[in-house]
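There are 2 protein chains.
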Amino acid sequence: MTTLDALFDSLKAAQAKLALENRAAKDRALYAVMKAIDSRRNAILAANEADAEKARQNGMKDALIDRLLLTNSRIDDIIEGIALVARQEDPIGRVRAGWTLPNGLVVEQITVPLGVAAIIYESRPNVTADAFCLAYKAGCSILLRGSSAALESNRALVDAVKEGLVQGGGIADAVALAASGSRDEVDLILSARGRVDVVLPRGGKELIRRVVDNARVPVIETGEGNCHIYVEPSADMQNAVEIIANAKLQKPGACNAVETVLVHKDAAGALMPLLAKRLAGKAELRCDGTSRAAIGEVPAGLALTDAVEADWETEFLDYILAVRTVDSVDQAIEHINRYGTRHSEAILTKDLEAAERFERRVDAACVYTNASIRFTDGGQFGFGAELGISTQKFHARGPMGLEALTTIKYRIAGSGQIRT
Amino acid sequence: MTTLDALFDSLKAAQAKLALENRAAKDRALYAVMKAIDSRRNAILAANEADAEKARQNGMKDALIDRLLLTNSRIDDIIEGIALVARQEDPIGRVRAGWTLPNGLVVEQITVPLGVAAIIYESRPNVTADAFCLAYKAGCSILLRGSSAALESNRALVDAVKEGLVQGGGIADAVALAASGSRDEVDLILSARGRVDVVLPRGGKELIRRVVDNARVPVIETGEGNCHIYVEPSADMQNAVEIIANAKLQKPGACNAVETVLVHKDAAGALMPLLAKRLAGKAELRCDGTSRAAIGEVPAGLALTDAVEADWETEFLDYILAVRTVDSVDQAIEHINRYGTRHSEAILTKDLEAAERFERRVDAACVYTNASIRFTDGGQFGFGAELGISTQKFHARGPMGLEALTTIKYRIAGSGQIRT
């Protein structure tokens, strides 16, 4: 029996207990965890500094070190995130539907915890706290498998979480860190059918691909976002430019950033000069012929190149924006359903018919009218935190909060019925 | 490009159209399918007779041939099944939840079709019609992969379905039969990630195991049912005997049949003599020492043996019932959570506290109080038909009707919002 087998057993046993806890007990435990993280702040920061120092020595890029870093203010955010989740309604024990059969049997669908969850994630240590508190509130045990680069930070955080759970009368064994750092560990998690009820990969494309391709346990695929904004002639062009700039520049590495703008041929003349000016010196534009011509005089500092087919397929995760001209809303929908990753898609228009057509026909987790697609996020949606953004249709779709960690049980109350 | 690739493409294209059909259009198509099946009755019966004749020549067992056989009355049932599904509410386009964010964005969860479903099933031809009509009503295309033993029957049924769809103005390409009969075909379906949104295996343990172990597409595991009935001292013993007899004898090959009775030590004396008498000549009892002793004088014709550990683990699917004595409701729960397959479990009691304890702590799709577990069935639950009974917790649990073939899309309506 491996260490991991023992962890699976204790997570399962803890989950059976946690499933019976009422909301008050779960929230009390979460508030105690907040206090424990607060009081262990220095130990957490010191552990994080050790991780960061090691990363610097290993030559990790600055952007990645920044993702790894904890500060007092980031710890405040972590604590506030737990508070937000504690304030959410209990997702467990809801009667989702119920009816009485002709023979008098009362059938009810009751929400219950999904069971034991595992999350495999890259360096951001805030994911440790987010995933824990969502799982706990949903009555699920969680196995945390962070990156080796964040091992000391995660250890310090999980120690604080467990201390808080003990102090708050919670179930400390409902959370565990898979800390061997070996790649075998991931394989063992992915093959633990019957012991792990869901695996959530959260990180880069390669990690997600590896998990999806190898898992024998249920997986929720997350994160890949080749997202579009389609601009119609009736759109408010100043607002369109601000929405595009927001969706491209605010956090280009995010999965809900825009990668390609689709512009209606009758909107290109109005949009492109404004957009070129707004993005000059900030992002590269890769345009098809029509949208490029529509720019007219190229503003100083604008990086401008010709788009190629590969650009439509690429999630740049960078200060690069592809632009393609389309003849109609249908052509925009066709482009999106062909090249998109079913994540977040927007139409900017004042035309009701086009908006409805786009909403119904675009196949994506989140379809927006007249707003930035950057809102696709558990926090923004009001879930308190998120486990990631599901780009699959099965079990959970879009930003995943508490609901993604629940399932149902049928409760059937009879008075002696037999089937005839 | 294989034939199957072409089928996947046409199923996907058809699904995109079907997703936009309103309820009236879908129901009209289903009613036309009912008519077409009715008018092609002779062709379907002739095709089925050819399958049955071939099966007899191949030495198929009578019980299996009976499962394969269609009769006029079974065709009536198929038609009535489609009518029941047509009468169900449309599962698509429901606003499942909705809220307004502080910035004014309106966020709604709308139910949408899951996409392209595939069902891999054994010989019963009624599954062909059930799976088709549930998928169609849920806006999903469906690939039907029945057994080679039922190939002619399925061909005749699918021909009728397609004819009905054409006559009723429906989308005929939303249904297809995978008819090569080769095992490779199953492997191709199981690896069609991105082209098939869910695979439903329906049949024996071996088929389900093969699908679960090899699929790279989402699967819903179905069917295995090692189910229990637990009898407390406060139960009405006459009724308990009738419930157990119903759950064992009515259809022992069904996944919702009872396999082990757990009897409280203080109930054994009252239950066992009645149960032994009721099952004498009808089913074999495999008892532990206490429950065996409680029978007293063994009734004529009762097959009675000593239970062994393996009996607790076995889904007999036969006229065999294991009986074990327990000291308490907790011991019953422990036994069930250890040996059960999370399918259907019942407590027979008049004690409210025991009933609640059992309901909350037993981990199964369906938990009954004072009723036969044979009611775990889409038809019995009022779903019109069923795709199978999910024994997993992920995406769908318990009898699967229309809801199992849906997912959600977030619709977000803005007025120019950007994320700050």
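Protein chains in written order, with this note's numbering: chain A, 1 to 420; chain B, 1001 to 1420. The beta carbon of each residue, even a glycine, is placed where N, CA and C say it ideally should be.
Cβ neighbour criterion (16 or more within 10 Å) applied to residue i
{"i": "A/S390", "result": "buried"}
{"i": "B/Q1238", "result": "exposed"}
{"i": "A/G204", "result": "exposed"}
{"i": "A/S123", "result": "buried"}
{"i": "B/D1027", "result": "buried"}
{"i": "B/K1061", "result": "exposed"}
{"i": "B/P1125", "result": "buried"}
{"i": "B/P1201", "result": "buried"}
Range of the contiguous beta strand (DSSP E) that encloses residue i
{"i": "B/D1306", "result": "1304-1306"}
{"i": "A/L321", "result": "320-326"}
{"i": "B/P1113", "result": "1106-1113"}
{"i": "B/K1409", "result": "1406-1417"}
{"i": "B/A1346", "result": "1344-1348"}
{"i": "B/P1273", "result": "That residue, B/P1273, is in no beta strand (DSSP E); its alpha helix (DSSP H) goes 1268-1279."}
{"i": "A/R286", "result": "284-287"}
{"i": "A/V199", "result": "198-202"}
Chain B within 7 Å of residue i, Cβ atoms only
{"i": "A/E242", "result": "yes"}
{"i": "A/I419", "result": "The question names Ile, but residue 419 of chain A is Arg in the sequence shown. Output row for A/R419: interface = yes."}
{"i": "A/G378", "result": "no"}
{"i": "A/E359", "result": "yes"}
{"i": "A/G398", "result": "yes"}
{"i": "A/N239", "result": "yes"}
{"i": "A/L435", "result": "Nothing about residue 435 of chain A can be reported from this structure: the residues present for chain A run from 1 to 420 only."}
{"i": "A/F316", "result": "no"}
{"i": "A/N48", "result": "no"}
{"i": "A/N246", "result": "yes"}
Chain B residues whose Cβ lies nearer than 8 Å to that of residue i
{"i": "A/Q167", "result": "Residues of chain B passing the Cβ test: none, with the nearest at roughly 26 Å."}
{"i": "A/G340", "result": "Simply none; closest approach about 13 Å."}
{"i": "A/A365", "result": "K1409, Y1410"}
Neighbouring residues, chain B, relative to residue i (Cβ below 7 Å)
{"i": "A/Y368", "result": "I1412, G1414"}
{"i": "A/L200", "result": "Those within 7 Å of A/L200 in chain B number zero; the least Cβ separation is about 12 Å."}
Interface flag, residue i vs chain A, CB-CB below 7 Å
{"i": "B/D1197", "result": "yes"}
{"i": "B/S1372", "result": "yes"}
{"i": "B/T1391", "result": "no"}
{"i": "B/A1383", "result": "The sequence shown places Phe at residue 1383 of chain B, not Ala. For B/F1383, the answer is no, since every Cβ of chain A falls outside 7 Å of its Cβ."}
{"i": "B/F1132", "result": "no"}
{"i": "B/N1214", "result": "no"}
{"i": "B/P1218", "result": "yes"}
{"i": "B/F1008", "result": "no"}
{"i": "B/L1321", "result": "no"}
{"i": "B/L1275", "result": "no"}
{"i": "B/L1084", "result": "no"}
Under 9 Å by beta carbon: chain A residues contacting residue i
{"i": "B/T1222", "result": "The premise fails here: B/T1222 is roughly 15 Å from chain A at the closest Cβ pair, so nothing lies under 9 Å."}
{"i": "B/N1022", "result": "Here the premise fails: no neighbours, minimum Cβ distance about 11 Å."}
{"i": "B/G1430", "result": "Not covered by the structure: residue 1430 of chain B. The range shown for chain B is 1001 to 1420."}
Range of the contiguous alpha helix (DSSP H) that encloses residue i
{"i": "A/G378", "result": "378-381"}
{"i": "B/I1092", "result": "Taken as a continuous stretch (DSSP letters only), B/I1092 belongs to no alpha helix (DSSP H), as it is neither H nor E."}
{"i": "A/N370", "result": "Careful: A/N370 lies outside any alpha helix (DSSP H), inside the beta strand (DSSP E) at 366-371."}
{"i": "A/E242", "result": "237-249"}
{"i": "A/A6", "result": "3-18"}
Chain-ordered neighbours of residue i on chain A, where CB pairs are closer than 8 Å
{"i": "B/G1139", "result": "Result: empty, since nearest Cβ-Cβ is about 12 Å, beyond 8 Å."}
{"i": "B/T1407", "result": "K393, F394, R397"}
{"i": "B/D1236", "result": "G416"}
Within chain B, partners of residue i - CB distance below 9 Å
{"i": "A/Q250", "result": "I1418, R1419, T1420"}
{"i": "A/L428", "result": "The displayed coordinates of chain A run from 1 to 420. Any statement about residue 428 of chain A would go beyond what the structure contains."}
Contact test: residue i Cβ vs the ligand ATP heavy atom, cutoff 6 Å
{"i": "B/R1361", "result": "Absence of the ligand ATP from the depicted structure is noted, as is the absence of any ligand whatsoever, leaving it without description."}
Closer than 7 Å at the beta carbon, the chain A residues around residue i
{"i": "B/V1107", "result": "F381"}
Pair every Cβ in the segment 1411-1419 of chain B with every Cβ in the segment 1101-1115 of chain B, then say whether three or more of these pairs are closer than 8 Å.
-> Yes, the segment 1411-1419 of chain B is in contact with the segment 1101-1115 of chain B.
Determine contact between the segment 1144-1156 of chain B and the segment 1051-1059 of chain B, defined as no fewer than three beta-carbon pairs at a distance below 8 Å.
-> Three or more beta-carbon pairs drawn from the segment 1144-1156 of chain B and the segment 1051-1059 of chain B are found closer than 8 Å, and the two stretches are therefore classed as touching.
Does the segment 69-89 of chain A come within contact of the segment 1350-1362 of chain B, defined as at least 3 CB pairs closer than 8 Å?
-> No: the two stretches stay apart, fewer than three of their Cβ pairs being nearer than 8 Å.
Per the contact definition of three or more C-beta pairs closer than 8 Å, is the segment 394-408 of chain A in contact with the segment 1164-1177 of chain B?
-> Fewer than three beta-carbon pairs drawn from the segment 1164-1177 of chain B and the segment 394-408 of chain A are found closer than 8 Å, and the two stretches are therefore not classed as touching.
Contact between the segment 1210-1224 of chain B and the segment 1323-1334 of chain B: three or more CB pairs below 8 Å?
-> By the criterion of at least three beta-carbon pairs nearer than 8 Å, the segment 1210-1224 of chain B is not in contact with the segment 1323-1334 of chain B.
Are three or more beta carbon pairs between the segment 256-263 of chain A and the segment 216-235 of chain A nearer than 8 Å?
-> The answer is yes - the segment 216-235 of chain A touches the segment 256-263 of chain A, with three or more Cβ pairs under 8 Å.
Is there contact between the segment 330-347 of chain A and the segment 1365-1382 of chain B, where contact requires at least three CB pairs shorter than 8 Å?
-> Between the segment 330-347 of chain A and the segment 1365-1382 of chain B, the count of C-beta pairs closer than 8 Å stays below three; the two stretches do not touch.
Can at least three beta-carbon pairs, one atom from the segment 1192-1200 of chain B and one from the segment 1111-1120 of chain B, be found at a separation below 8 Å?
-> Counting Cβ pairs under 8 Å, three or more are found: they touch.
Contact between the segment 1265-1272 of chain B and the segment 1294-1308 of chain B: three or more CB pairs below 8 Å?
-> Under the Cβ criterion (8 Å, minimum of three pairs), the segment 1265-1272 of chain B counts as touching the segment 1294-1308 of chain B.
Any contact of the segment 1128-1144 of chain B with the segment 1091-1098 of chain B, i.e. 3+ C-beta pairs under 8 Å?
-> Look at the beta carbons and you see the segment 1128-1144 of chain B touching the segment 1091-1098 of chain B: at least three pairs across the two are nearer than 8 Å.
Would you check if there are 3 or more beta carbon pairs closer than 8 Å linking the segment 1035-1049 of chain B to the segment 1152-1163 of chain B?
-> Two segments are said to touch when three or more pairs of C-beta atoms, one from each, lie closer than 8 Å; by this definition the segment 1035-1049 of chain B touches the segment 1152-1163 of chain B.
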